[in-house]
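UniProt numbering puts the first residue of the sequence shown at 1, with every later residue one more than the last.
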Amino acid sequence: MGKKGKEKNTVNKAKHTKLLNRKKNKLKKEKETRKERLKTIMANHREQQKSEEEQINN
1 MGKKGKEKNT VNKAKHTKLL NRKKNKLKKE KETRKERLKT IMANHREQQK
51 SEEEQINN
């Protein structure tokens, strides 16, 4: 037999899932931005190495 009347804790559960989703999205976004930063840093480093090698060879 089910409970009679209003369901308990539905508002709190909704708030909780909303907050957890925010947290997950934030972490996912931070992870993506870190990857992008690393890519740009690596690209800059490669360019710098190429220019240094060219200067040494000339």
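We put the beta carbon where it would ideally sit given N, CA and C, even for glycine. Just so we're clear, the structure is a prediction, and the values are computed from it rather than from any experiment.
Rounded separation between residue i and residue j - CA only
i          : j          : result
residue 17 : residue 28 : 16 Å
residue 40 : residue 24 : 25 Å
residue 45 : residue 52 : 11 Å
residue 49 : residue 30 : 28 Å
residue 7  : residue 21 : 23 Å
Residue i CB to nearest heavy atom of the ligand SAH below 7 Å
i          : result
residue 53 : Among the components modelled here there is no ligand, and therefore nothing to report on the ligand SAH.
Backbone secondary structure at residue i - three-state DSSP
i         : result
residue 9 : coil
residue 4 : coil
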